[in-house]
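Novice:
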Amino acid sequence: SSGINAEWPLRPGNYGPHIHDFKGILGDIKLSSGARVTSWKMWTLPLNNTKSANFRSLHQDHTEPGCLLQGTFQVDSNPADTWIKMDWFTKGVIFVNNRNVGRYWPKEGPQRHIYVPAVWLRRGSNTLTLFESDALPNNRMNLFVELVDHPDLGGVKTDLLNVKYF
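Plus 3 on top of the position in the sequence shown (first one is 1) and you've got our numbering.
Here it is, written out as structure tokens:
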């Protein structure tokens, strides 16, 4: 049994000349031998309900991309706007207390910290769930998320500095 993870990158493709820029599997699926795959099933990953999910430990061996990780963190005082630093992860989606906070891709950016509004946090225990769509780094012993009190929106793109405004 084999699997293909096809993601929907959202943009571009839903406006102007890109309106017909379709995403996903758009043709035949072929194996490396050239044989055409004719009997396959497509399904979505229901990230809106992870209660029955099979979570993995960070220290397990991950030979394939795509894993679901979950942990908890404590908020000891009144919740405040928070940013989650995702520098040690590759690419995926993050949830806090079952709310989709957003996608992260720190290597590509632009933002490196993901914003979590104070109203989504609660005093006491909070749950953080990650779907890492790419492979985890080899050195997982030091893999963690960090909650910080400031954003990192990425660097200024130097090509924008030479734009002439009228």
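Using N, Cα and C, we set each Cβ at its ideal position, and we do this for glycine too.
Are at least three pairs of beta-carbons, each pair with one atom in the stretch 117-130 and one in the stretch 83-95, less than 8 Å apart?
Specialist: Yes: the two stretches touch, three or more of their Cβ pairs being nearer than 8 Å.
Novice: Taking residue 110 as the reference, which of 99, 152, 132 and 94 has the closest Cα?
Specialist: Nearest C-alpha to residue 110: 94.
Novice: Using the C-alpha atoms, what's the distance from residue 92 back to residue 37?
Specialist: Using only the alpha carbons, I get a separation of about 34 Å.
Novice: Go ahead and pull the three-state DSSP assignment for residue 86.
Specialist: DSSP places residue 86 in strand when its eight states are reduced to three.
Novice: Unbroken beta strand (DSSP E) runs of length 3 or more, entirely within the stretch 79-140: which are they?
Specialist: As far as the stretch 79-140 is concerned, its whole beta strand (DSSP E) runs of at least 3 residues are 85-88, 95-99, 102-107, 116-119 and 127-135.
Novice: Assign residue 29 to one of three DSSP states: helix, strand, or coil.
Specialist: Residue 29 falls in the coil class under three-state DSSP.
Novice: The beta strand (DSSP E) spanning residue 151 covers which residue range?
Specialist: Start and end: 149-151.
Novice: Could you tell me the distance, in whole angstroms, from the CA atom of residue 122 to the CA atom of residue 96?
Specialist: Spanning the two alpha carbons is a distance of roughly 20 Å.
Novice: Does residue 129 pass the burial test, meaning 16 or more other C-beta atoms within 10 Å, or should it be called exposed?
Specialist: Buried, since its Cβ has 16 or more Cβ neighbours within 10 Å.
Novice: What does the alpha-carbon distance come out to for the pair residue 44 and residue 28?
Specialist: Using only the alpha carbons, I get a separation of about 12 Å.
Novice: Report the residue from 77, 127 and 131 whose alpha carbon sits nearest the alpha carbon of residue 99.
Specialist: Considering only alpha carbons, the answer is 131.
Novice: Going by other Cβ atoms of all chains shown within 10 Å of its Cβ, with 16 needed for buried, is residue 34 buried or exposed?
Specialist: Classification of residue 34: exposed, given that the 10 Å Cβ count is below 16.
Novice: For residue 148, which of 76, 69 and 70 has the nearest alpha-carbon?
Specialist: Residue 76 is the option with its Cα nearest to residue 148.
Novice: Count the other CB atoms within 10 Å of the CB of residue 168; is the residue buried (16 or more) or exposed (fewer)?
Specialist: Since pLDDT at residue 168 reaches only 45, below the 50 mark, its modelled position is unreliable, and no value is offered.
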